[in-house]
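Working notes, beginning with the structure itself.
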Amino acid sequence: MARCPGDTVSVRRPPFGEWPWIVAALALAVVAELGLRTAGLPRLARMFGTPLRTDDSTPAQPDHPSGAPVLDDRARRQVRSSRRVMRHWPFGDTCLRQALISGALLRRLGPELLVGVAKIDGQVRAHAWLEINGGILDPLGAAASYTPLLSPDALDVK
Numbered sequence: 589m590a591r592c593p594g595d596t597v598s599v600r601r602p603p604f605g606e607w608p609w610i611v612a613a614l615a616l617a618v619v620a621e622l623g624l625r626t627a628g629l630p631r632l633a634r635m636f637g638t639p640l641r642t643d644d645s646t647p648a649q650p651d652h653p654s655g656a657p658v659l660d661d662r663a664r665r666q667v668r669s670s671r672r673v674m675r676h677w678p679f680g681d682t683c684l685r686q687a688l689i690s691g692a693l694l695r696r697l698g699p700e701l702l703v704g705v706a707k708i709d710g711q712v713r714a715h716a717w718l719e720i721n722g723g724i725l726d727p728l729g730a731a732a733s734y735t736p737l738l739s740p741d742a743l744d745v746k
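Plus 588 on top of the position in the sequence shown (first one is 1) and you've got this note's numbering.
Laid out in structure tokens, this is it:
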């Protein structure tokens with residue numbers, strides 16, 4: 589259906605309280621992009637306040653059936669803001685970038701970054717997600733299908 593010149597299109601705008609987090613997520617996305625190209629992942633993750641888990645001593649044991657962490661309103665706005673920025677990011681909305689930026693915004697909650705691999709349709713694929721207080725924060729909901737890489741040497745790629 590063609591639109592007439594006088595028609596209005598409603599655009600869903602973020603709530604006013606989300607704008608500071610959107611700006612912060614955008615700044616973190618720029619730093620993450622540069623860091624992914626120049627620093628090793630363990631170092632970048634530490635800089636972002638989201639240390640890379642390198643041992644299996646603290647596997648996720650969610651206290652609730654969904655497996656997702658319980659987040660307050662502020663944390664939900666922060667995650668939503670990082671997703672909003674990454675949806676429009678010109679270098680790709682990868683799970684690693686998403687996890688780094690969300691983790692940096694949520695660093696007060698003590699998130700840990702996990703990177704896993706799986707063989708899917710004959711190809712080895714990687715995925716990144718966060719664990720917070722025993723819950724898994726994974727927008728794709730695919731973390732259970734991946735085996736975490738727990739060697740920091742395997743991830744120290746520059």
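C-beta: ideal position from N, C-alpha, C; glycine also.
Predicted, not measured: the structure shown is a model, and the values here were computed from it.
Tell me whether the beta-carbon of residue i lies closer than 7 Å to the beta-carbon of residue j.
{"i": "residue 689", "j": "residue 617", "result": "yes"}
{"i": "residue 705", "j": "residue 682", "result": "no"}
{"i": "residue 699", "j": "residue 710", "result": "no"}
{"i": "residue 663", "j": "residue 640", "result": "no"}
{"i": "residue 656", "j": "residue 605", "result": "no"}
{"i": "residue 546", "j": "residue 673", "result": "No statement about residue 546 is possible, as the shown extent of the chain runs from 589 to 746 and does not include it."}
{"i": "residue 701", "j": "residue 720", "result": "no"}
Does residue i pass the burial test, meaning 16 or more other C-beta atoms within 10 Å, or should it be called exposed?
{"i": "residue 733", "result": "exposed"}
{"i": "residue 726", "result": "buried"}
{"i": "residue 679", "result": "exposed"}
{"i": "residue 717", "result": "buried"}
{"i": "residue 684", "result": "buried"}
{"i": "residue 728", "result": "exposed"}
{"i": "residue 703", "result": "buried"}
{"i": "residue 667", "result": "buried"}
Please return the same chain residues whose Cβ sits closer than 8 Å to the Cβ of residue i, not counting the five positions on each side in sequence.
{"i": "residue 632", "result": "620, 623, 624, 688"}
{"i": "residue 686", "result": "670, 671, 674, 716, 727"}
{"i": "residue 707", "result": "713"}
Pull the bridge partners of residue i from the DSSP assignment, please.
{"i": "residue 718", "result": "701, 725"}
{"i": "residue 735", "result": "705"}
{"i": "residue 713", "result": "706"}
{"i": "residue 640", "result": "701"}
Which same chain residues, not among the five before or five after residue i, have their C-beta less than 7 Å away from its C-beta?
{"i": "residue 665", "result": "605, 606, 609"}
{"i": "residue 612", "result": "693"}
{"i": "residue 712", "result": "705"}
Near residue i, what residues of its chain come up, given a Cβ to Cβ distance below 6 Å and the 5 sequence neighbours on each side ignored?
{"i": "residue 730", "result": "715"}
{"i": "residue 660", "result": "none"}
Query raised in the report: Hey, which unbroken runs of the alpha helix (DSSP H) at 4 residues or more fall wholly within the segment 653-711?
Result: You should have 661-675, 683-693.
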